[in-house]
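Number of protein chains: 2
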Amino acid sequence: MRVLILGGDGYLGWPTAMHLTTQGHDVVVVDNYLRRRLCREENVGPLFEVPNLHERVRIWESASGYKIPVFIGDLTQWDFVQEVFTSFTPEGIVHYAEQPAAPYSMLNRRAASLTLQNNLMVTANVIFAVREFSPEAHIVKIGTMGEYGTPNIDIEEGWLEVEHKGRRHTFLYPRQASSLYHTTKIMDTDLLWFYVRMWDLRVTDLMQGPVYGLFTDENEEHQSLLPFFNYDELFGTVLNRFVVQAVVGYPLTVYGKGGQTRGYLNIKDTLQCVRLSLEKPSDNGRLRIFNQFVETFSVNDLACKVQQVGSQLGLNVSIQSVENPRIEAEDHYYNPANTGLLDLGLEPHYLTDEVLAEMIEAVLKHRHRIQEHQIYRKIKWA
Amino acid sequence: MRVLILGGDGYLGWPTAMHLTTQGHDVVVVDNYLRRRLCREENVGPLFEVPNLHERVRIWESASGYKIPVFIGDLTQWDFVQEVFTSFTPEGIVHYAEQPAAPYSMLNRRAASLTLQNNLMVTANVIFAVREFSPEAHIVKIGTMGEYGTPNIDIEEGWLEVEHKGRRHTFLYPRQASSLYHTTKIMDTDLLWFYVRMWDLRVTDLMQGPVYGLFTDENEEHQSLLPFFNYDELFGTVLNRFVVQAVVGYPLTVYGKGGQTRGYLNIKDTLQCVRLSLEKPSDNGRLRIFNQFVETFSVNDLACKVQQVGSQLGLNVSIQSVENPRIEAEDHYYNPANTGLLDLGLEPHYLTDEVLAEMIEAVLKHRHRIQEHQIYRKIKWA
């Protein structure tokens, strides 16, 4: 299948690109290095250097024999979108091309504006490009479980049948997020759902939970093919951050009560989910929504796991509750469904002690590069 | 009260500005003439000439004695937003500053992009400006009943309590619109609701139905103070269009079966609703939502009324069903609540035969200016 990966330089984009080539797909990657630029501007960076996309493609080709053409440019600009879609007519599009960090989106007005404009205009341009150049292409969009927030009822898979005053209607599951970044994902869903109905598009919207890990089948032997591994407060996800904190002897920073519960998944499962979605596409005129996570943990659960496995590896790990910089429920009901991707064939990886030990050991090799000042900057939501 | 009217040149913006001055408020109007520009580009125009905003303000001052300062500029540009909010610190903000036409938003890619960017970035900038310059100011935002679409259950006023598997949660009422314009209003609601929770803003979101009419207490004696009265397929609303069609002997164009039912209101009631919302503001941290309409009609109901009253005035009015260019239900359940504004003090005007006759007579005076080629252009949604 001819697959366009938008945001192909990112934490998930690059591993997805390599993975899909090994599964027999023709892959093209597109990126504008936005995340690299924002990290530089905010003086944060990944645990180890990551070659640029042209270099990664060259290294991957010499390791595997698979070629991946690269387009560098800004998908908010229609002339570039047009160039990409007229050079390579995709059958599947994986849309990761968004400013991906909730804390960054809450940093200040300019960061908020950038997040809003970038994320919505890229999504709109992808829709317009599919309509104009490849109306049968299947869009696989990365949404987030954060779109749902933490309602007091079960979170179903995308849709909710409501009975009200004796009548029934099935709605898009109501959404209420807790960062501007997550809110732009809600707005993406609004836009996709609208145009699916108008133009009979084929869309799969993956409501993904926080991802952890760095190893995939394609990169385990090649340090230079690893994805970004950010451990800073802006771009790092919680488990990756905790592992770095444990390694460097920094207390694990639990926000508030630590009862915030979310659905997590290993980066290997992101690749499976995206591949399965592409290979078994949604029908025309259907917005197919999957909740993409494997198991749920509270922040306290994760901190305890890291402390326990870290201790077994000889690390002295402490946990510190800090004032929650975010505005969110710290103790709440959480029961989301996630059968759709399992039905499609997902074989989940669980967060075992072995998996956690492997992550800690990988980070230990780069211990000397950890910059403590990146870890905790107290960026406030309000 | 010090009130900023964003989009103060529009069909509703200008009548609101005049009305609020007569009620003792200090009013400033802001506009960038976007709607005039789009009409010119699309070769459509109002039934009679409308002076520019500086002229309207001058005429209104000589008629009434009230002064209204004018800012001309683009609210998607932060430097202009900053200039407005530092020159005049508002207590209330009426946000009409959006591309207001559903058919325009469906015209082509550029029109869609413009609608999306303009509407969302203005809403975002209003939120950021309130946060930075006037955190206690109350935002009165014009949303639309179209945000709800036509679900098979009653439409409540903004919120829906759901019982699901033995648990309960109150959600923002799920939204699903039938044009990109209406979808941008959903996205505005997402954005406002998010920042209300984060930053304790005071917001009233008015889910308004289609408005009809042109006379208000302030303009009845002054032709040059009337609002835009568009009768074209792009910018004209349905009843205003039908009246013009009746006057010029063009068949009333009913889309499809004509069972599309909506909640309507007289322009006089828009002014009341906005004033009442301003004078009895929402609390901090609360998104107050009202459904702003007075009575519901199907398109067939409206066509029949215009035909009947037109005949009494000696017009020969025919009704013609045309292929529906839109993708929408033509026959559906519709039972929306609208008690909130009545409780606040709204004294509704109903669409009586007298009101309709007054509209028809007003349009008859300008019969010679009606350009038939504007009336029906078959702009298709899909």
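Sequence order for the protein chains is A and B.
Residue numbers for the first sequence follow my numbering, beginning at 1 and rising by one.
Residue numbers for the second sequence follow my numbering, beginning at 383 and rising by one.
Glycine is no exception: its CB is placed at the ideal position from the N, C-alpha and C atoms.
Note that the structure is a prediction, hence the values are computed from the model and not measured.
Give a yes or no on whether the C-beta atoms belonging to residue i and residue j are separated by under 8 Å.
{"i": "residue 640 of chain B", "j": "residue 700 of chain B", "result": "no"}
{"i": "residue 410 of chain B", "j": "residue 453 of chain B", "result": "yes"}
{"i": "residue 47 of chain A", "j": "residue 244 of chain A", "result": "yes"}
{"i": "residue 527 of chain B", "j": "residue 645 of chain B", "result": "yes"}
{"i": "residue 273 of chain A", "j": "residue 192 of chain A", "result": "no"}
{"i": "residue 564 of chain B", "j": "residue 152 of chain A", "result": "no"}
{"i": "residue 675 of chain B", "j": "residue 591 of chain B", "result": "yes"}
{"i": "residue 186 of chain A", "j": "residue 570 of chain B", "result": "no"}
{"i": "residue 680 of chain B", "j": "residue 643 of chain B", "result": "yes"}
{"i": "residue 742 of chain B", "j": "residue 630 of chain B", "result": "no"}
{"i": "residue 98 of chain A", "j": "residue 7 of chain A", "result": "yes"}
{"i": "residue 238 of chain A", "j": "residue 302 of chain A", "result": "yes"}
{"i": "residue 194 of chain A", "j": "residue 133 of chain A", "result": "no"}
{"i": "residue 761 of chain B", "j": "residue 488 of chain B", "result": "yes"}
{"i": "residue 691 of chain B", "j": "residue 744 of chain B", "result": "no"}
{"i": "residue 229 of chain A", "j": "residue 10 of chain A", "result": "no"}
{"i": "residue 62 of chain A", "j": "residue 22 of chain A", "result": "no"}
{"i": "residue 477 of chain B", "j": "residue 508 of chain B", "result": "yes"}
{"i": "residue 733 of chain B", "j": "residue 677 of chain B", "result": "yes"}
{"i": "residue 598 of chain B", "j": "residue 634 of chain B", "result": "no"}
{"i": "residue 4 of chain A", "j": "residue 31 of chain A", "result": "no"}
Spatial neighbours of residue i within its chain, please: C-beta separation below 6 Å, excluding the five flanking residues on both sides.
{"i": "residue 659 of chain B", "result": "522 and 586"}
{"i": "residue 324 of chain A", "result": "255 and 256"}
{"i": "residue 666 of chain B", "result": "582 and 584"}
{"i": "residue 2 of chain A", "result": "26, 90 and 91"}
{"i": "residue 279 of chain A", "result": "none"}
Since residue i contacts residue j with CB under 8 Å, what's their CB separation in whole angstroms?
{"i": "residue 470 of chain B", "j": "residue 174 of chain A", "result": "In fact, because the Cβ distance is near 37 Å, the residues do not count as touching under 8 Å."}
{"i": "residue 649 of chain B", "j": "residue 595 of chain B", "result": "4 Å"}
{"i": "residue 402 of chain B", "j": "residue 657 of chain B", "result": "6 Å"}
{"i": "residue 536 of chain B", "j": "residue 720 of chain B", "result": "11 Å between Cβ atoms; not a contact."}
{"i": "residue 218 of chain A", "j": "residue 15 of chain A", "result": "7 Å"}
{"i": "residue 250 of chain A", "j": "residue 374 of chain A", "result": "At roughly 10 Å, the Cβ-Cβ gap does not stay under 8 Å, so residue 250 of chain A and residue 374 of chain A are not in contact."}
{"i": "residue 164 of chain A", "j": "residue 542 of chain B", "result": "7 Å"}
{"i": "residue 673 of chain B", "j": "residue 539 of chain B", "result": "5 Å"}
{"i": "residue 101 of chain A", "j": "residue 234 of chain A", "result": "5 Å"}
Is residue i helix, strand or coil by DSSP?
{"i": "residue 708 of chain B", "result": "coil"}
{"i": "residue 646 of chain B", "result": "strand"}
{"i": "residue 611 of chain B", "result": "coil"}
{"i": "residue 563 of chain B", "result": "helix"}
{"i": "residue 373 of chain A", "result": "helix"}
{"i": "residue 481 of chain B", "result": "coil"}
{"i": "residue 305 of chain A", "result": "helix"}
{"i": "residue 293 of chain A", "result": "coil"}
{"i": "residue 718 of chain B", "result": "strand"}
{"i": "residue 205 of chain A", "result": "strand"}
{"i": "residue 475 of chain B", "result": "strand"}
{"i": "residue 274 of chain A", "result": "helix"}
{"i": "residue 699 of chain B", "result": "coil"}
{"i": "residue 172 of chain A", "result": "strand"}
{"i": "residue 402 of chain B", "result": "helix"}
{"i": "residue 50 of chain A", "result": "coil"}
{"i": "residue 71 of chain A", "result": "strand"}
{"i": "residue 426 of chain B", "result": "coil"}
{"i": "residue 12 of chain A", "result": "coil"}
By Cβ distance, which residues of its chain are closer than 8 Å to residue i, with the 5 residues on each side in sequence left out?
{"i": "residue 693 of chain B", "result": "699"}
{"i": "residue 712 of chain B", "result": "637, 638, 639, 640, 641, 642 and 706"}
{"i": "residue 281 of chain A", "result": "92, 138, 202 and 204"}
{"i": "residue 433 of chain B", "result": "441 and 606"}
{"i": "residue 162 of chain A", "result": "168, 169, 170 and 171"}
{"i": "residue 494 of chain B", "result": "487, 488 and 562"}
Please go through the same chain and pick out, in chain order, the residues whose beta-carbon is closer than 7 Å to the beta-carbon of residue i, but skip the five residues on each side of it.
{"i": "residue 176 of chain A", "result": "149"}
{"i": "residue 80 of chain A", "result": "73 and 74"}
{"i": "residue 442 of chain B", "result": "400, 448, 450 and 607"}
{"i": "residue 709 of chain B", "result": "560, 763 and 764"}
{"i": "residue 751 of chain B", "result": "429 and 430"}
{"i": "residue 348 of chain A", "result": "269 and 294"}
Would you check if the stretch 488-502 of chain B and the stretch 578-594 of chain B touch, i.e. whether three or more CB-CB distances between them fall below 8 Å? Taking 8 Å as the limit for Cβ pairs, the verdict is that the stretch 488-502 of chain B does not touch the stretch 578-594 of chain B.
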